[in-house]
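For the sequence shown, the working numbering assigns the number 173 to the initial residue and increments by one for each residue that follows. Written below as structure tokens is the structure these notes are about.
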Amino acid sequence: MDIRTFQETDIEQVIDLYQSCFHEPPWFETFIDSELRQYFIEMLSWPEIIFLTAKEGKKIVGVGIGFSLHRKSDIQRCIPTCRDSEVRHHLLRQQVLYMAELFVRKEFRQFGIAKKLLKARLKVGYDRGYRLAVVRTSVQQSIIINLYQRLLVDSCIIAHQPVVSKKMINGIAKEETDERVLLIGKIPQHISS
């Protein structure tokens, strides 16, 4: 398996993988190809973007995306005033990496691909000057929460956020409430592979 930076020729596979992964529980979300293409192309224009793919042969089996937290004002508003001076310092200097997307093809899960993508994002982020990372995920994603808690230093859940999203469950469109957690932690200086 090879982890590398996104290339333009990856776009169709990334769109297909995103749609299939986020159509599964607990997300049950559906997306239009053109909207996803526009979303990814916009991200690629950001100078700080970290957009990594995991490939097995010619097939993309996982994706990890990260960028500066300053692009997510909704999440910034959820971060409480912090008494930790080091955390406050990094927040003010915009040295916080938002761990945006992490998804792996269903048949390739449980092989450590998500962990490798997460470590690669953290390493690139640290090399670019980020010292903190923030992730938002569903409370139902205990495996992902535990993974971040193990890899980030002094990690903690700093907020809970109720979210209403449109879901397609058994062919019926519904608005469902989900609870998301925001987890923050320091990016380790040395990340083993």
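Backbone N, C-alpha and C define an ideal beta-carbon position, used for all residues, glycine too. Computed from a prediction, not measured in an experiment: that's the story for all the values here.
*Going along the chain, which residues of its own chain have a beta-carbon closer than 8 Å to the beta-carbon of L290, five neighbours each way excluded?*
Beyond the five residues adjoining it in sequence on each side, L290 comes within less than 8 Å, by CB distance, of G236, M271, L274, L319, Y320 and L323 in the same chain, given in chain order.
*Can you name, in chain order, every residue of its own chain whose Cβ lies under 7 Å from the Cβ of R303, other than the five neighbours on each side?*
Hits under 7 Å: H262, Q267, K358 and I359.
*asked:* Determine whether the beta carbon atoms of S240 and E220 lie at a separation below 7 Å.
replied: The answer is yes: Cβ separation under 7 Å.
*If you scan the region 277-330 from start to end, which runs of the beta strand (DSSP E) of 3 or more residues do you find wholly inside it?*
Secondary structure within the region 277-330: the beta strand (DSSP E) runs of 3 or more consecutive residues, fully enclosed, are 304-310 (chain order).
_7 Å Cβ cutoff met for T335 and R352_ = The sequence shown places Val at residue 335, rather than the Thr named in the question. Taking 7 Å as the Cβ cut-off, V335 and R352 qualify as a contacting pair.
*asked:* Just list the residues that DSSP pairs Y270 with in beta bridges.
replied: According to the DSSP secondary-structure assignment, Y270 is paired through a beta bridge with F239 and V306.
*With F200 as the anchor, note down where its alpha helix (DSSP H) starts and where it stops.*
Here F200 belongs to no alpha helix (DSSP H), and DSSP marks it neither H nor E.
*Once you ignore the five residues that flank F203 on each side, which residues in its own chain have a CB closer than 6 Å to its CB?*
For F203, where only same-chain residues beyond five positions count, the Cβ hits under 6 Å are Q191.
*Mapping DSSP to helix, strand and coil, what is S337?*
Reduced to three states, the DSSP call for S337 is strand.
*Assign G284 to buried or exposed, taking buried as 16 or more other Cβ atoms, counted over all protein chains shown, within 10 Å of its Cβ.*
Exposed is the call here.
*asked:* DSSP has D188 in a bridge; who is on the other side?
replied: In DSSP, D188 forms no bridge with anything.
*What does V233 pair with, by DSSP beta-bridge criteria?*
In the DSSP output, where bridge partners are listed per residue, V233 has none listed.
_G229, buried or exposed, once every other Cβ within 10 Å from all chains shown has been counted against 16_ = Burial call: exposed.
*In the structure shown, what three-state DSSP assignment does R209 receive?*
R209: helix per DSSP, three-state reduction.
*Measure the C-alpha to C-alpha separation of L224 and Q333 and round it to an integer number of angstroms.*
Between the alpha carbons of L224 and Q333 lies a distance of about 27 Å.
*Pick helix, strand or coil for E220, following the three-state DSSP scheme.*
E220 carries a coil assignment under DSSP once its states are collapsed to helix, strand and coil.
*F200 versus E347, T177 and Q282, residue with shortest Cα-Cα distance*: In terms of Cα proximity to F200, the closest of E347, T177 and Q282 is E347.
_DSSP-derived helix/strand/coil call for I247_ = Looking at I247 - three-state DSSP - the assignment turns out to be helix.
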